[in-house]
Each structure stands twice: as structure tokens, then as C-alpha cells.
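Numbering (our numbering), first residue to last: 43 to 520. Step one of this worksheet: look at the structure below.
Okay, here's the thing in C-alpha cells:
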């Protein structure tokens with residue numbers, strides 16, 4: 043049997059409140075009734091004492107005045123129990139003579155509600171024996187029971203009415219508060235159900251700063267953590283799938299590139315083209331691509347070959363020589379401002395791949411007749427390589443997203459080029475950031491001179507852990 047939390051809180055406290063209100067109201071009403079009874083007794087006692095000690099004769103006028111003051115009726119009898127005078131003018135004298143005489147304690151009569159019937163009307167009686175006047179005369183004091191009951195009701199009605207009003211107010215407020223709390227709890231419950239269904243959208247913060255607000259904030263925080271965990275799981279699954287896919291494609295591409303490189307070498311040998319620059323560039327590009335594919339194959343198998351060290355200037359020269367034919371083909375002006383430096387990087391293949399990606403991106407972003415410029419500057423602190431184009435540039439709204447894995451604006455792009463390039467530069471101890479330009483796009487590679495990765499000291503690179511020139515998909519996802 044389901045016992046809602048609202049009822050678990052409401053029923054005990056509401057029961058206590060109702061019992062308390064009823065007890066207070068009943069006690070107040072009882073005390074009021076007791077006070078009415080005491081007042082009536084005192085009134086009867088006072089009238090009886092007055093009649094017993096009065097030295098004046100009890101005439102009709104005197105009894106009428108006493109009736110007006112006390113509200114009681116009077117019957118005067120002589121020693122022979124014969125009627126002398128009475129204030130009950132509406133009752134026949136024969137009926138008055140037949141009234142039973144109550145000589146008991148009038149307090150008991152009031153307390154026990156002992157009544158006598160006179161002319162069809164119930165009265166509470168009191169007995170007074172005259173000490174003066176005719177010997178043996180006595181007076182019967184009658185107080186209407188209806189008036190006594192009305193006085194009791196008027197006394198108990200206000201506390202009962204107040205108790206009923208308080209009880210209704212208590213019920214209304216308790217039900218309102220319990221429903222309000224129940225709605226807030228239900229809101230958190232629905233949020234948890236949505237989280238279980240895969241909806242991790244946070245709910246707005248509750249207005250009242252209490253435990254339920256803390257619970258709601260905790261559920262929001264939990265939803266965020268679960269969302270992040272689910273994203274990491276999906277990225278991990280996607281990375282695993284990509285690793286498998288890359289491994290298969292890389293194997294096929296390596297075979298194709300090997301065949302293409304062999305065919306070009308045979309063609310150069312048969313045609314006596316040993317010094318043909320175009321053939322040399324093609325062979326270097328094929329060799330570089332083949333090495334990168336081999337690296338992908340090793341990564342798909344979980345292998346991590348040791349990086350090779352090389353002079354940075356030689357790497358930039360090599361990459362620019364590979365890109366220059368592409369610039370000529372697209373009729374783009376390619377400018378290389380070279381600065382000689384003997385500094386070295388620890389992972390030559392990683393840096394070569396990063397620079398090649400940046401320069402090819404610049405070529406693709408530049409229209410025919412445009413310009414791509416590679417500027418290398420060297421000082422005592424760092425080496426800076428700027429790759430600048432005068433294409434349309436990167437919108438400010440997506441500038442921070444271009445390094446996010448799988449984010450791309452190209453229909454045929456995979457969204458991994460810049461992410462891999464930044465990772466490669468960081469592996470060499472440097473940074474890769476977009477820089478504001480008046481027109482087009484400027485990417486800046488900066489490698490400090492005094493960190494392992496680029497120093498004239500040939501032992502510096504040996505201090506860095508061996509890493510692959512191309513990061514794994516899980517590293518890119520991070």
C-alpha cells in the first residue's frame with residue numbers, strides 16, 4: 043500500500059493540531075458553562091439569603107422588583123403550604139398550590155439540574171424560609187431552565203466557534219503547505235525520471251532556499267555529471283570505431299601509396315628524370331603521406347613509436363617545398379619569409395604534420411590570385427611561425443570551436459585537422475592559437491626556447507617522454 047510522503051507528514055501533525063484545538067475549545071466551553079452554573083447558584087443563593095433575612099413584607103410589588111432584578115419567579119406559601127402570593131400570573135392558583143416543595147440543597151438542585159414543572163415550564167428551584175413575618179411561611183424561588191440553558195449555550199458558543207474556525211484554518215493551511223511541498227518533491231521526482239530517460243536538461247532553481255532547493259541543485263549537478271559521463275562514453279565508442287575504421291582505411295591507402303610511389307620511381311628511371319623537381323616533390327609528398335599512414339596504423343594497433351628530433355628550420359623548409367606546387371596549381375601567391383635558426387623540436391613528424399595541415403588549410407581558404415604567407419621569426423625566448431592568408435577569415439562566433447574535435451565548416455571535412463595540429467604543437471612544448479588579422483586568417487605557432495622540445499641543447503629532447511606524432515582518438519576527444 044502506497045503511503046505518500048505528504049500524508050506521512052500531514053496526518054500526524056494535523057491530528058495533533060486538531061486534537062489540541064478541540065481540547066482547548068472544549069475546555070474553554072466547559073469552563074464557561076461552569077462559570078454560568080456558579081453565577082446562577084450565586085444568584086439563587088443571594089436571592090434566597092435576601093428573602094430569608096428580609097424584614098419587610100413580601101408584597102406583589104416587592105416580588106415584581108425582585109423578579110426584574112434576578113429573572114426568577116417567586117411563590118410564597120404559609121405554614122400550611124397554602125398559596126399566599128406568586129409572580130406567575132399566567133399559572134392558575136390550583137396549579138401553584140400543587141407545586142411540590144423542594145427543601146433540599148439548592149446547590150445540588152442547580153448542579154444536578156433538578157427541575158420542577160410549573161404550568162408546563164421547567165424551573166430550577168430554590169427554597170427560603172422566612173425568619174420574620176408570619177410563622178412558618180416560606181418562599182419557593184424558581185429560575186427558568188430555558189434561560190439557564192440559553193446562558194450556558196451563549197457561554198460555550200464563542201470558544202466553540204473560535205475552535206472550529208481555528209481548526210478549519212489549521213486544516214486549510216496544513217493541506218496547502220503539504221500540497222506545496224508535495225508539488226516541489228514531485229517536480230524533483232519528475233526531473234529524476236527525465237534523467238533516467240536520457241534528458242539531462244537542468245530545471246530552474248527553486249525560489250525558496252531550503253533543503254528541497256539543495257536537493258534540486260544536487261539533482262541538476264548529478265544530471266550534468268551523468269551527461270558528461272554519457273558524452274565521454276559515446277566519444278569513447280566513437281573513438282574506438284574510428285580507430286578501427288582508420289586502421290582499415292590506412293592499410294588500403296598504404297598499399298595504394300606504395301604502388302603509386304613505385305610507379306613514379308620507375309617512370310623517373312625509365313625517362314631519365316633524376317633531377318626533375320616536380321617528381322622529387324611528388325615522391326616526398328608520397329613518402330610523407332605514407333609515413334603518416336603508417337603512424338595511423340601503429341596507433342590503431344596501440345603502438346607508440348619513439349619520436350625523432352630534427353631542426354625546426356629544416357622542417358619548415360620541407361613543408362613549404364611540399365606546399366609550393368599546390369600554390370602554383372591554384373594560382374595563389376605563396377610567400378615564405380625564412381629566418382635561420384638551429385633550434386630543434388623533439389617530434390619532427392608531429393610538427394611537420396601540423397605545419398602541413400595549417401598551410402594546406404590556408405591554401406584551401408584562399409581564392410585564385412590570393413596570397414598565403416609563412417613568416418618565421420626567432421628571438422632569445424621563442425620561435426614564432428605565422429601562417430597567414432587573405433581569405434574570408436574565421437567568424438568570431440566559431441573561433442573558439444575550430445580546435446574542437448570533429449567540428450568543421452567544410453562539407454567534406456572530418457574536423458580533426460586543427461585538433462591534431464594543436465595537439466602536435468603542444469607535444470613539442472608550444473602553442474597554436476588564432477591571431478586577429480585585418481583580413482583573412484592568421485594562425486601562430488609559438489614554441490618557447492627554454493622548454494624541452496626546442497633548445498640548442500641536444501639533451502633537452504631526451505628529457506621528454508616518447509609520444510607519437512599523431513595523437514590517438516581518445517587523446518583528441520579529451
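C-beta atoms are modelled at their ideal positions from N, C-alpha and C, and glycine is treated no differently.
Original post:
Using the C-alpha atoms, what's the distance from residue 375 back to residue 412?
Top reply: 6 Å
Original post:
Alpha carbon to alpha carbon, how far is residue 228 from residue 58?
Top reply: 26 Å
**OP:** Determine which residues share a DSSP beta bridge with residue 167 and list them.
**Re:** 184
**OP:** Whole angstroms is fine: what's the gap from residue 407's alpha carbon to residue 312's?
**Re:** 38 Å
**OP:** Please report how far the alpha carbon of residue 482 lies from the alpha carbon of residue 467, in whole angstroms.
**Re:** Separation of residue 482 and residue 467 (C-alpha to C-alpha, rounded to the nearest whole angstrom) is 22 Å.
**OP:** Would you identify the three-state DSSP class for residue 490, choosing helix, strand or coil?
**Re:** strand
Subject >> Pairwise C-alpha distance: residue 209 and residue 161 >> reply: 44 Å
**OP:** Identify, in the order they occur along the chain, each residue of the same chain with its Cβ nearer than 7 Å to the Cβ of residue 383, setting aside the five sequence neighbours on each side.
**Re:** Within the same chain, residue 383 has close Cβ partners 354, 355, 420 and 425.
**OP:** Classify residue 116 as buried or exposed, calling it buried when 16 or more other Cβ atoms lie within 10 Å of its own Cβ.
**Re:** buried
**OP:** Could you tell me which of 72, 263 and 397 sits nearest to residue 242, measuring between CA atoms?
**Re:** 263
Original post:
Can you tell which of 377, 410 and 391 has its C-alpha closest to the C-alpha of residue 417?
Top reply: 377
Original post:
Terminal residues of the continuous beta strand (DSSP E) containing residue 119?
Top reply: 115-119
Original post:
In terms of residues, what are the limits of the alpha helix (DSSP H) holding residue 258?
Top reply: 253-312
Original post:
Considering only residues of the same chain and omitting the five flanking positions on each side of residue 445, which have a CB-CB separation below 7 Å?
Top reply: 460, 461 and 464
**OP:** In the DSSP assignment, find the unbroken beta strand (DSSP E) run with residue 428 in it and report its ends.
**Re:** Run containing residue 428: 424-431, per the beta strand (DSSP E) assignment.
Original post:
CB residue 393 to CB residue 357, shorter than 8 Å?
Top reply: yes
**OP:** Output the residue ranges of the alpha helix (DSSP H) runs that lie fully inside the region 180-246 and measure 4 residues or longer, sorted by chain position.
**Re:** Fully enclosed alpha helix (DSSP H) runs of 4 or longer: 187-238.
Original post:
Looking at the unbroken alpha helix (DSSP H) that takes in residue 419, where does it start and where does it end?
Top reply: Where residue 419 is concerned, there is no enclosing alpha helix (DSSP H), although the beta strand (DSSP E) it sits in stretches over 413-420.
**OP:** Please go through the same chain and pick out, in chain order, the residues whose beta-carbon is closer than 6 Å to the beta-carbon of residue 237, but skip the five residues on each side of it.
**Re:** 265
Subject >> contact_flag[the region 211-219, the region 102-109] where n(CB pairs < 8 Å) is 3 or more >> reply: no
**OP:** Look at the alpha carbon of residue 45 and the alpha carbon of residue 223, and state the distance between them as a whole number of angstroms.
**Re:** 15 Å
**OP:** Alpha carbon to alpha carbon, how far is residue 427 from residue 23? Give it in angstroms, no decimals.
**Re:** The structure shown does not extend to residue 23, since the chain is modelled only from 43 through 520, so no value can be given for it.
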